[in-house]
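2 protein chains.
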Amino acid sequence: MTDFRDETIQLAHGSGGRATRRLIEGLFAPLLSNPALDAMGDAASLEVDRSRLAMTTDCFVVNPLSFPGGCIGSLAIHGTVNDLAVSGAEPVAITAGFVLEAGLASSVLRAQIEAMAGVARAIGVPVVAGDTKVVEHGKADGMYICTTGLGRVHERADLDPARVRPGDRVLVSGPIGDHGITILVARSEIDLETDLASDSRSVLAMTRALLDALGPGVKWMRDATRGGVATVLNELADAAGVGVAIDEPEIPVRDEVRGACELLGLDPLHVANEGQFVAVVSGEDADHALESVRSVPGGEQARLIGEITEAPARTVLGRSGYGSARVIDVLIGDPLPRIC
Amino acid sequence: MTDFRDETIQLAHGSGGRATRRLIEGLFAPLLSNPALDAMGDAASLEVDRSRLAMTTDCFVVNPLSFPGGCIGSLAIHGTVNDLAVSGAEPVAITAGFVLEAGLASSVLRAQIEAMAGVARAIGVPVVAGDTKVVEHGKADGMYICTTGLGRVHERADLDPARVRPGDRVLVSGPIGDHGITILVARSEIDLETDLASDSRSVLAMTRALLDALGPGVKWMRDATRGGVATVLNELADAAGVGVAIDEPEIPVRDEVRGACELLGLDPLHVANEGQFVAVVSGEDADHALESVRSVPGGEQARLIGEITEAPARTVLGRSGYGSARVIDVLIGDPLPRIC
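Going down the list, the protein sequences come from chains B and H.
Following my numbering from start to finish, the first sequence increments by one per residue and tops out at 340.
Following my numbering from start to finish, the second sequence increments by one per residue and tops out at 340.
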């Protein structure tokens, strides 16, 4: 835990990479410290009466507001549902706070709320409370949305990085990088003719299938949003004190995403996803885990992409398939602002 | 329930008055409708397993970030705790989402988080989860904060506007209008030499004392934030289908607030509070209610300010004390933007 010494806040502090981590670990976490927060999960674990609950919050500032495959409204519901899902919880209720920019066309707002309502209805979670503030024109890019989710933890869930052991396997739910590249294309930051769409979706049916099938055989899950798969795997390696070895040829990446990443000098492992998660399952359950996720519509492209190792501890290695390996670090700098 | 026909969103839609209500009732509520949301409380009521929970969310965009008596950080905790408190709940956990402006001095951010942490610690509620996004310089005025609170409902609470009856009495916890006028002075929108400070504080100890003492004798509570006491009383009159008669000479208002309101052409009943609530208690319990609130440090200036009447239904009347009366409507237009 280091002190936060940066003099000002910069866009990089919001990108989910090393700067974000420094801000969170150096400023927010020590000042607000408590057991639930200190666990640094995608959702906080709470016990109320005898119920195991999960609670999570996310702000959405994605630019543009709508893009192929989704919009800020659907993203705000999916993102929060997914944080609950990878925490082993079923969503019970969502709240939504809106910061609206004066001058926003009501039709744009209506379309975003309709998207939220449609997605929430499909998932089966009610939006139980909300708040709306309006700021001057120029201060909010149309709108920012902050959603908070309350969930009830699956009775068989026992997710804890401390339970992760060498020999466990790493599963990813599908092709990575679609969301981040779609946003860059939508912002014309890269000139690409493509049918690519954001993967924005709920992963709840997949995490539920995995927990139903394996129970405590599922040891850890994360959705790979800002900072991508590389970032969540590094967080796992740190939290569990283990190594993570990824077989790079096994990682599902669409050709368009790979091409765009090459043009931009990005690693698909650093690109944000909004509908993919990474899970660590016990070695003996790995095939069963893969089957369970693949049996869910939308999970057909799930893959086992690596394993937990004893050494090098706290390190993520990418194995090329030709015997060589590279260290996969978290995102440094800020090539991808305002992605969610 | 009317359709929302305004073509664009304007500052008035965020001020808590009639335009806000049109936006909420005409757009958000019908699209997102579900039983918990439709109740339109300060917090949503949820039943999880056998626990009665309350959940509420608020965005804070107050300008300036710091002002006499508080800051956006303390306000974000107090506001959410108060929404739980007036819903008859004890706070269990809070989440906080931050939208930060690139270029914000880290020292400013640190001071705000320290304020949040101090206030949360004093109340005894942990901040269990958070999220941070960064937007470009020029947006977000330093920071916006969105807090969400989860609470457990007091076992003796039975708050429901449907239980409000003619003969019930209206209690206010202390002098009104301090917050709104303090913000206007801090923004130099009114040139006033004053020691006035925001009333930003937790009302939890007072609502708890009231519920401990009266249980179901407390029928309805609201904190009088945006739109002020007039707005929450009008919401009560509509929801309960009753009349509310206020004895205007009984309403506690500091001289500085009254003077500023006269200069600005504002009614103190429309000015935002961040540490005062209004309660309806049964007539026979009214004196006991007043004693309970006054026995709490900070509640000494509580007053009984009026009563529930049969007619005129759905109307708030202000009685002058000289036999005359006026209709007290909700705030129209937007004299007080970005107040919380």
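Even glycine gets a Cβ: it sits at the ideal position worked out from N, Cα and C.
Can you find at least 3 beta carbon pairs, one from the region 245-253 of chain B and one from the region 167-178 of chain B, that sit closer than 8 Å?
yes
To the nearest angstrom, report how far apart ILE162/B and HIS78/H are at their CA atoms.
The sequence given here has Ala at residue 162/B, not Ile. Looking at the two C-alpha atoms, the distance is approximately 36 Å.
Classify PHE4/B as helix, strand or coil using the three-state DSSP reduction.
coil
On the three-state DSSP scale, how would you describe VAL257/B?
helix
Need the endpoints of the beta strand (DSSP E) that VAL281/H sits in, please.
277-281
Interface residues of chain H facing ARG152/B [CB-CB closer than 7 Å]:
VAL48
For the alpha helix (DSSP H) that contains ARG342/H, what are its first and last residues?
Because residue 342/H is not part of the residues shown, which for chain H are 1 to 340, the question remains open.
Examine the Cβ distances between the region 269-286 of chain B and the region 130-140 of chain B and report whether three or more of them are shorter than 8 Å.
no
For THR309/B, which residues in the same chain have their Cβ closer than 6 Å to its Cβ, ignoring the five residues on either side in sequence?
PRO166, GLY243, ALA245
Under 7 Å between beta-carbons, which chain B residues line up against SER51/H? List them in chain order, please.
VAL48, ASP49, SER51
How should ARG226/B be labelled, buried or exposed, when 16 other C-beta atoms within 10 angstroms of its C-beta is the threshold for buried?
buried
Which term fits LEU263/H, buried or exposed, when burial requires 16 or more other beta carbons within 10 angstroms of its beta carbon?
exposed
Any idea if GLU90/H is buried or exposed, counting beta-carbon neighbours within 10 angstroms, 16 or more meaning buried?
buried
Taking the DSSP output, what are the residues bridged to ALA96/B?
GLY130/B, THR147/B
Along the chain, where does the beta strand (DSSP E) containing GLU47/B start, and where does it finish?
44-48
How about GLY151/B and LEU104/B: do their beta carbons lie closer than 8 Å?
no
Taking contact to mean at least 3 C-beta pairs separated by less than 8 Å, is the region 109-120 of chain B in contact with the region 66-73 of chain B?
yes
Hey, would you say ILE332/H sits closer than 8 Å to GLY97/H, going by beta carbons?
no
Can you have a look at GLU248/B and say buried or exposed, based on whether 16 or more other CB atoms are within 10 angstroms of its CB?
buried
Of the choices LEU31/B, GLU7/B, VAL203/B, whose alpha-carbon is the least far from that of VAL81/B?
VAL203/B
What does the alpha-carbon distance come out to for the pair THR231/B and ASP160/H?
47 Å
Going by the CB atoms, is the gap between ALA289/H and LEU210/H shorter than 8 Å?
yes
Would you say the region 33-52 of chain H touches the region 122-132 of chain B, given that touching needs at least three Cβ pairs under 8 Å?
yes
Closer than 8 Å, Cβ to Cβ, to anything on chain H: give me those residues from the region 126-160 of chain B, in chain order.
PRO126, VAL127, VAL128, ALA129, GLY130, ASP131, THR132, LYS133, VAL134, VAL135, GLU136, GLY138, LYS139, ALA140, ASP141, TYR144, CYS146, THR148, LEU150, ARG152
Buried or exposed: GLU307/B, going by 16 or more other Cβ atoms within 10 Å of its Cβ?
buried
Can you pull the chain H residues whose beta carbon is under 8 Å from the beta carbon of MET221/B, in chain order?
Within 8 Å Cβ-Cβ: nothing; MET221/B doesn't reach chain H, min ~16 Å.
Residue range of the beta strand (DSSP E) that VAL244/H falls in?
243-247
Residue span of the beta strand (DSSP E) that contains ARG169/H, given as start and end:
169-172
Just to confirm, are ALA115/H and ALA93/B a CB contact at a threshold of 8 Å?
no
To the nearest angstrom, how far is it from the Cα of HIS13/B to the Cα of ARG5/B?
12 Å
Go ahead and label GLY124/H buried or exposed: buried means 16 or more other beta carbons lie within 10 angstroms of its beta carbon, across all protein chains shown.
exposed
At least one CB of chain B closer than 8 Å to the CB of SER198/H: is that the case?
no
Quick one: grab the DSSP three-state call for SER74/H.
helix
To the nearest angstrom, how far is the alpha carbon of GLY118/B from that of SER74/B?
8 Å
Of all the CB atoms in chain H, is at least one closer than 8 Å to the CB of GLN386/B?
As shown, chain B starts at 1 and ends at 340. That puts residue 386/B outside it, with no answer to give.
May I ask you to report which of helix, strand or coil DSSP gives ASP141/H?
coil
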